[in-house]
Amino acid sequence: MLIEGQVVIHERLGDEDQRLRKLVLKGPIAQTAKAGQFVAIQVQDFSISSFDPLLRRPISLAGISSERDEITLLYRIQGRGTEILARAKCGDKLSVMGPLGKGFSLPDEGELWLVTGGIGIFPLYPLAQSALAQGLTVRLFWGGENQSFLESAGLSSWQGLGIPIHLSTLDGSLGQKGLVTVQLKELLEKHAISGGKIRVATCGPKKMMQAVTDLCLDYKVPVEVSLEERMGCAVGACLGCVVTLTDEAGTLIHKKVCQDGPVFQGEEVVWDESC
Amino acid sequence: MSPVDFTTQLAGITLRNPLLTCSGTYGFGEEYTAYCPLESLGGITLKGITPLPRLGNPVPRLAETPAGLLNAVGLENPGLDEFVKSYLPKVRMLPTAAIANISGFSLEDYVQLARALQKDSGLAALEVNISCPNVKHGGMHFGTDPQSAQEVIAAVKAETDLPVIAKLSPNVTDIVGMARAVQLGGADALSLINTLLGMQIDIHRQRPVLANTFGGLSGPAIKPVAVRMVWQVFQAVDLPIIGMGGITTWQDAVEFLLAGATVVSIGTGNFVNPQAPLEILKGINDYCAQRGFASVRDLVGLAHN
Ligand SMILES: Cc1cc2nc3c(=O)[nH]c(=O)nc-3n(C[C@H](O)[C@H](O)[C@H](O)COP(=O)(O)OP(=O)(O)OC[C@H]3O[C@@H](n4cnc5c(N)ncnc54)[C@H](O)[C@@H]3O)c2cc1C
Ligand SMILES: Cc1cc2nc3c(=O)[nH]c(=O)nc-3n(C[C@H](O)[C@H](O)[C@H](O)COP(=O)(O)O)c2cc1C
Ligand code: FES
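For the record, the sequence lines run as chains D and E.
If you use our numbering, the first sequence corresponds to residues 2 to 276, in order.
If you use our numbering, the second sequence corresponds to residues 2 to 306, in order.
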């Protein structure tokens, strides 16, 4: 659907150095949304309409509240579009298309492990919430630049969920020093011995998701990955956002991140062909 | 105020209104239905097809520019057989006119496509893309050389009983010469314009942004070029024109009609606002009603008087 979402909250998230923002919009999108889906939001100078920047920006749903008719978007100011978006004030109305794409799926039973790096954490919070509501065990592996980043990007709300959390930072300022995949491998190894049922969901830098997928394949654990690609239409009409996958016969095929994704089965993705 | 007459004749087909959507920006018709009901459109132009399936170019395929979009999709499509088998049955059921868009790398490609697509397919017309800038040794050769353009259109015309629309490339010095050539080839209508060849360089990575290096520029940035070409061709050639290139608002659409387009087509504008076609129709209606035009046909070419 296309809505004029009213800005209810728009604020800095954590340290200003991190350039992170929280944007809460009122509108009916939450009613049908699920974790892993995204919206395409128009970024404009809100005082006067213009066609520069031209395209909508894809942003994941980081919070879905159907009772309050609200969605939460968490984003990093990355370039001109998000810079302009950051100027929207409470009460402003933003044109939002969504919910778009297909979200993550939840296993019927067992454990859901969330593995993420950087701001790839954002779409995982509503996923953790639905998994917990369904009685699944949830575990988080999260890697970031440093302590300031992890704290700015919402560590305390994750801690509020009361789930096991394995942190890593590149500089060792919080959690284990190094990459998130080190701890993931250790735990996969343990579970391989105990034989628990696990599903992994991952979102973050491409290299990390590729490494996570490789590990999961080694340990025969199903993994869903959330991909990014530049978008034009965001509804599957322009073929701008394709990702290369292999089908059952091993043939290379294209699917659209906006419509068929952004969540795909990790083992299908041909990483070298994708951005 | 009596209602404004929107019915439009184009190359022997009757359209509900003079508003189409552009090839490559509207999929095969099903993608935008949640935003814009197809029955409100005069018609849609389908994604370009080639005889064989194509995966197209690697990503990134898109780059945003000031008020514009560069694309290098590279004609990704399911190929003729799959189109006929899996897409056409759904396309025939769409509640609006559907125009197929065909592309080729040789004269034989165009002939093969035209032969397979006849009136009984349920399509309203064939748009012949002789102008795709995104494929190597591709259609653009036909779109920049008048002699080849005429031959392609004549060959297509000889194979199909559908009305034939020639889609011209703006990447030429003499658009009127191209229009005259396809008219000689027997074209029933013209589509103006396809994308302008461009590129963008990432100054941080010091590399082209698009994997294909070059892409086709569309969106508001190209509108003045498109309006100029519609204007020139309207003066020189007696064929109906489908005007496109940057139409995003009703004012843009009116500008194309005044320049001489019988029909207008929305492409990149759908990405900006998926309800753009609805808003544009309403805007044209109000413009006509307020100024006492009984029919949108009264606007066509009016700026030339
Ligand atoms: C499905 C999806 C979900 C996303 N969710 C989030 C989120 O929850 N939070 C968040 O901070 N960011 C998210 N992103 C990335 C976000 O869309 C980009 O950071 C944003 O578009 C940058 O726009 P800009 O104008 O500020 O940057 P610029 O770099 O100036 O953008 C120029 C162009 O490149 C595109 N672009 C730039 N970076 C990306 C990227 N990483 N992915 C796709 N296109 C890009 C822009 O859309 C624009 O068309 C998501 C991307 C996708 C595809
Ligand atoms: C993503 C994209 C894909 C396109 N694919 C095709 C195509 O397959 N065949 C074709 O004739 N034109 C294609 N075009 C060109 C459009 O049909 C249109 O001529 C052009 O974009 C100018 O109109 P606009 O500025 O309204 O988009 C494509 C354009 C875009 C943006
Ligand atoms: S953005 Fe157009 S197909 Fe995905």
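No residue lacks a Cβ here, since even glycine has one placed at the ideal position from N, Cα and C.
{"Check": "What beta strand (DSSP E) runs, 3 residues minimum, are completely inside the stretch 41-102 of chain E?", "Outcome": "44-50, 63-66, 69-72"}
{"Check": "For V226 (chain D), tell me which candidate among D:E249, D:V271, D:E190, D:A238 has the shortest Cα-Cα distance.", "Outcome": "D:V271"}
{"Check": "Would you mind working out which of E:S87, E:Y111, E:P90, E:V183 sits nearest P241 (chain E), comparing C-alpha positions?", "Outcome": "E:V183"}
{"Check": "Could you have a look at E187 (chain D) and say whether DSSP puts it in helix, strand or coil?", "Outcome": "helix"}
{"Check": "Using a threshold of 8 Å, state whether the C-beta atoms of L21 (chain E) and G233 (chain D) are closer than that.", "Outcome": "no"}
{"Check": "Hey, G237 (chain D) and E152 (chain D) are a contact pair by Cβ (cut 8 Å); roughly how many whole angstroms apart?", "Outcome": "Actually they are not in contact, since the Cβ atoms of G237 (chain D) and E152 (chain D) sit about 38 Å apart, beyond 8 Å."}
{"Check": "Between which residues of its own chain and D248 (chain D) is the CB-CB distance below 6 Å, once the five residues before and five after are set aside?", "Outcome": "I254"}
{"Check": "From the DSSP secondary-structure annotation, give me the bridge partner or partners of I204 (chain D).", "Outcome": "A quick correction: the sequence has Cys, not Ile, at residue 204 (chain D). Bridge partners of C204 (chain D): D:T117, D:S227."}
{"Check": "Do I194 (chain E) and M245 (chain E) count as a contact pair if the criterion is CB distance below 8 Å?", "Outcome": "yes"}
{"Check": "Report back the beta-carbon spacing between Q7 (chain D) and K94 (chain D) to the nearest angstrom; my notes put them in contact at under 8 Å.", "Outcome": "5 Å"}
{"Check": "Against R17 (chain E), what residues of chain D qualify as contacts under a CB-to-CB distance less than 7 Å, listed in chain order?", "Outcome": "In chain order: nothing, as chain D lies at least about 21 Å away."}
{"Check": "For D53 (chain D), go through chain E and note every residue whose CB falls closer than 7 Å to its CB, in chain order.", "Outcome": "P67, A68"}
{"Check": "In chain D, what lies closer than 7 Å to Q207 (chain E) by C-beta?", "Outcome": "Near Q207 (chain E) there are no residues of chain D at all, since even the closest Cβ is about 17 Å away, more than 7 Å."}
{"Check": "Take W232 (chain E) and list the residues in its own chain whose beta-carbon comes closer than 7 Å to its own, dropping the five residues that flank it on each side.", "Outcome": "A260, G261"}
{"Check": "Are any of the Cβ atoms in chain D nearer than 8 Å to that of F272 (chain E)?", "Outcome": "yes"}
{"Check": "Could you name the residues of chain D that G216 (chain E) contacts, counting a contact when the two beta carbons are closer than 7 Å?", "Outcome": "Neighbours of G216 (chain E) on chain D: none; closest Cβ ~10 Å, over 7 Å."}
{"Check": "What does the alpha-carbon distance come out to for the pair E31 (chain E) and L124 (chain E)?", "Outcome": "16 Å"}
{"Check": "For the stretch 72-95 of chain E, which residues have a beta carbon sitting closer than 8 Å to at least one beta carbon of chain D?", "Outcome": "N72, V74, E77"}
{"Check": "Enumerate in chain order the residues of its own chain whose CB-to-CB distance from V137 (chain D) is below 6 Å, with the five nearest sequence positions on each side excluded.", "Outcome": "A quick correction: the sequence has Leu, not Val, at residue 137 (chain D). Taken in chain order, the residues that qualify are L113."}
{"Check": "In its own chain, which residues sit with a C-beta less than 8 Å from the C-beta of G49 (chain E), not counting the 5 before and 5 after it?", "Outcome": "S24, G25, L76, N78, N102, I103, S104, N130, C133"}
{"Check": "Using DSSP's beta-bridge definition, name the partner residues of Y76 (chain D).", "Outcome": "D:R22"}
{"Check": "Measure the beta-carbon distance from I120 (chain D) to A154 (chain D) and round it to whole angstroms, keeping in mind my assumption that it falls under 8 Å.", "Outcome": "6 Å"}
{"Check": "Is any heavy atom in ligand 1 found nearer than 7 Å to the beta carbon of M98 (chain D)?", "Outcome": "no"}
{"Check": "Relative to the alpha-carbon of V297 (chain E), which residue among E:G270, E:N271, E:G187, E:V264 has its alpha-carbon at the smallest distance?", "Outcome": "E:V264"}
{"Check": "Contact between the stretch 120-134 of chain D and the stretch 6-13 of chain E: three or more CB pairs below 8 Å?", "Outcome": "no"}
{"Check": "Here's the rule: buried if 16 or more other CB atoms are within 10 angstroms of the residue's CB, otherwise exposed. What is M94 (chain E)?", "Outcome": "exposed"}
{"Check": "So which residues of chain E does A238 (chain D) contact, with C-beta pairs closer than 7 Å?", "Outcome": "T26, Y27, G28, E32, Y33"}
{"Check": "From L162 (chain D) to Q135 (chain D), what does the alpha carbon distance come to, in whole angstroms?", "Outcome": "14 Å"}
{"Check": "For the alpha helix (DSSP H) that E152 (chain D) lies in, which residues bound it at each end?", "Outcome": "148-153"}
{"Check": "Please report the straight-line C-alpha distance between I204 (chain E) and T46 (chain E), rounded to a whole angstrom.", "Outcome": "36 Å"}
{"Check": "Indicate the three-state DSSP secondary structure (helix, strand or coil) for R13 (chain D) in the structure shown.", "Outcome": "strand"}
{"Check": "Report yes if the CB atom of K169 (chain E) is closer than 8 Å to the CB atom of G144 (chain E), and no otherwise.", "Outcome": "For the sequence presented, residue 169 (chain E) should be read as Leu rather than Lys. Yes."}
{"Check": "Whose CB is closer than 7 Å to a heavy atom of ligand 3? List the residues in chain order.", "Outcome": "D:M232, D:G233, D:C234, D:A235, D:V236, D:G237, D:A238, D:C239, D:L240, D:G241, D:C242, D:K257, D:V258, D:C259, D:Q260"}
{"Check": "Report the neighbours of P225 (chain E) on chain D: residues whose CB is nearer than 8 Å to its CB, in chain order.", "Outcome": "Per Cβ cutoff of 8 Å: no residues; P225 (chain E) is ~13 Å from chain D at best."}
{"Check": "I285 (chain E) bridges to which residues according to DSSP?", "Outcome": "In DSSP, I285 (chain E) forms no bridge with anything."}
{"Check": "Are V181 (chain D) and G118 (chain D) close, meaning C-beta to C-beta below 8 Å?", "Outcome": "yes"}
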